[in-house]
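Colleague: Sharing a structure below in structure tokens format, with a few things to ask.
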């Protein structure tokens, strides 16, 4: 990713201005007068509150804080997430959720090639997480992640996907007239759910290796968190009680 940004930044057509507050230092109207197109792009400034019992227990982390931790943001460097459990649960079916799952399950040699912080790398080296579930309120046709990120997750060394074929029943017909990106994304999920590792592919050895992978991840659909369940001492999270949802 950084290489793509570097290529753009080196272009003679690119200029960067930092520490500028839109609305104070310059107005949107002024920007529209100066440029042919103006794109306002910004991320979440604060954590999303679920409003359910137990969400403040130890072991529950916002995606914003967790991503900031392994990316080395000063405000999150002291997070110290508990990675002593074998199963982690991520709420959401977006690219950020997939990225967190990838970080939790990636082999250390792969992580060492990235710009992850030394502290995060040391913590992940001691991680006991072997399984990650990504849970969303809606169905397969409403996932927000994109095909590139999904494909990277499917091909992650040492981790195998667990997708329930029943979740994708009848979707082949439902996506016939869908936009091409949505159609390709859904087809990849269906293919991953239905194929056995190494089936219908020349990469039989790779498929066998995936089948024996020590780590795994999966997608759960139409589930909404109702309560984070505490441990016996009431201090830490031990599970999440979910409610089934229905698409209207």
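Numbering (the working numbering), first residue to last: 13 to 260.
Every residue gets a Cβ at the ideal spot worked out from N, C-alpha and C, and that includes glycine.
(1) Sorted by chain position, which residues of the same chain lie with C-beta nearer than 6 Å to residue 227's C-beta, five sequence neighbours on each side aside?
(2) Between the region 238–246 and the region 52–65, are three or more C-beta pairs nearer than 8 Å?
(3) State the Cα-Cα distance for the pair residue 107 and residue 96, rounded to the nearest angstrom.
(4) Can you tell me where the beta strand (DSSP E) holding residue 163 begins and where it ends?
(5) If we count the other Cβ atoms within 10 Å of its Cβ and call it buried at 16 or more, is residue 48 buried or exposed?
(6) Is the beta carbon of residue 147 less than 7 Å from the beta carbon of residue 229?
(7) Near residue 235, which residues of its chain fall below 6 Å by C-beta distance, leaving aside the five closest residues on each side in sequence?
(8) Residue ranges of each beta strand (DSSP E) run of no fewer than 3 residues wholly in the region 72–150, ordered along the chain?
(9) Closest to residue 247 by C-alpha separation, out of 42, 70, 173, 110, would be which residue?
(10) Which word fits residue 88, buried or exposed, when buried means at least 16 other C-beta atoms lie within 10 angstroms of its C-beta?
(11) Report yes if the C-beta distance between residue 198 and residue 175 is below 7 Å; otherwise report no.
(12) Taking the C-alpha atoms as reference points, what is the distance between residue 173 and residue 93?
(13) Residue 152: which of 30, 22, 125, 200 sits nearest, CA to CA?
(14) Of the choices 102, 98, 249, whose alpha-carbon is the least far from that of residue 139?
(15) Could you work out which residue in 162, 27, 44, 26 is closest to residue 34 when comparing CA atoms only?
(16) Going by DSSP in three states, residue 174 sits in which element: helix, strand or coil?
(17) Between 91, 164, 84, which lies nearest to residue 109 when the distance is taken from Cα to Cα?
(18) Can you tell which of 258, 122, 41, 179 has its C-alpha closest to the C-alpha of residue 51?
Modeller: Answer, in terms of the structure:
(1) Along the chain shown, one-based indexing puts residue 227 at 215. Once the five neighbours on either side are set aside, the close Cβ partners of residue 227 are 117, 142, 170, 171.
(2) yes
(3) Locating residue 107 in the chain shown gives position 95, where the first residue counts as 1. Locating residue 96 in the chain shown gives position 84, where the first residue counts as 1. Each residue's alpha carbon lies about 25 Å from the other.
(4) If you number the chain shown from 1, residue 163 lands on position 151. No beta strand (DSSP E) contains residue 163, which is instead part of the alpha helix (DSSP H) from 159–166.
(5) One-based indexing of the chain shown puts residue 48 at position 36. With fewer than 16 other Cβ atoms within 10 Å, it is exposed.
(6) Against the chain shown, residue 147 aligns to sequence position 135. Against the chain shown, residue 229 aligns to sequence position 217. Cβ atoms of residue 147 and residue 229: not closer than 7 Å.
(7) Along the chain shown, read from residue 1 onward, the residue named residue 235 stands at position 223. Closer than 6 Å at the Cβ level, and outside the excluded window around residue 235, lie 147, 254.
(8) 99–103, 143–147
(9) Here residue 247 refers to the residue found at position 235 of the chain shown. Nearest C-alpha to residue 247: 70.
(10) In the chain shown, the residue the question calls residue 88 occupies position 76. Classification of residue 88: buried, given that the 10 Å Cβ count is 16 or more.
(11) Counted from its first residue, the chain shown places residue 198 at position 186. Counted from its first residue, the chain shown places residue 175 at position 163. Going by C-beta atoms, residue 198 is not nearer than 7 Å to residue 175.
(12) Counting from 1 along the chain shown, the entry for residue 173 is found at position 161. Counting from 1 along the chain shown, the entry for residue 93 is found at position 81. About 24 Å.
(13) By 1-based counting over the chain shown, the position of residue 152 is 140. For residue 152, the nearest C-alpha among the options comes from 200.
(14) Along the chain shown, read from residue 1 onward, the residue named residue 139 stands at position 127. The shortest C-alpha separation from residue 139 is found at 98.
(15) Position 22 of the chain shown, counted from the first residue, corresponds to residue 34. Per the Cα distances, 44.
(16) By 1-based counting over the chain shown, the position of residue 174 is 162. Residue state, collapsed to three classes: strand.
(17) The residue you call residue 109 lines up with position 97 of the chain shown. When each option's Cα is compared against that of residue 109, the closest is 164.
(18) Looking up residue 51 in the chain shown gives position 39. Residue 51 has its Cα closest to that of 41, out of 258, 122, 41, 179.
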